[in-house]
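J.: The structure under discussion is supplied below as structure tokens; questions concerning it will follow.
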Amino acid sequence: GKTTTMRLIHMAERPTAGEVRVSGYSSDKVTERDLWKVRRRVGYVFQDFRLLPGRTAIENVAFALEVTGTPPRAIQPKAQRLLSQVGLSTKA
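Numbering of the sequence shown is given in our numbering, commencing with residue 851 and proceeding in unit increments.
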């Protein structure tokens, strides 16, 4: 149930009936080209973490921010804030 719900919200799966709406995008109308816009608005923490081995928690978060276009000067402060929001600031 929980995994399926998250996959529907992330639009990794389409519902068999009805629709899922995320940030104004409908699962039955969103194009493959626009899926990245939906997925950038959804925080998704995988059960098996999918972290880069050999990197610290803050380095993993910083990497995600870097590849999604966060300005370089904003990466470290934002990574710290995000870890703090989920209670992991001491693991940075």
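Beta carbons: idealized from backbone N, C-alpha and C, even for Gly. Small disclaimer: the values here were computed from a predicted structure and weren't measured.
1) Can you tell which of M856, P921, M861 has the C-alpha that lies nearest to the C-alpha of E882?
2) Taking just the CA atoms, how far does S873 sit from L901?
3) Is R900 helix, strand or coil when you go by DSSP?
4) Which value, in whole angstroms, describes the spacing of the CA atoms of V911 and V936?
5) Could you check if V917 is buried or exposed, using at least 16 other CB atoms within 10 Å of its CB as the buried criterion?
T.: Walking through what the data contain:
1) Position 32 of the sequence shown holds residue 882. Selected option, being the one with the closest Cα: M861.
2) Translated into the one-based positions of the sequence shown, residue 901 becomes position 51. Translated into the one-based positions of the sequence shown, residue 873 becomes position 23. Their backbone Cα atoms lie some 27 Å apart in a straight line.
3) Working through the sequence shown from its first residue, we reach residue 900 at position 50. The answer is coil: DSSP assigns R900 none of H, G, I, E or B.
4) As a working mapping, residue 911 is identified with position 61 in the sequence shown. As a working mapping, residue 936 is identified with position 86 in the sequence shown. Distance between the alpha carbons of V911 and V936 is about 12 Å.
5) Translated into positions along the sequence shown, residue 917 becomes position 67. Flag for V917 reads exposed.
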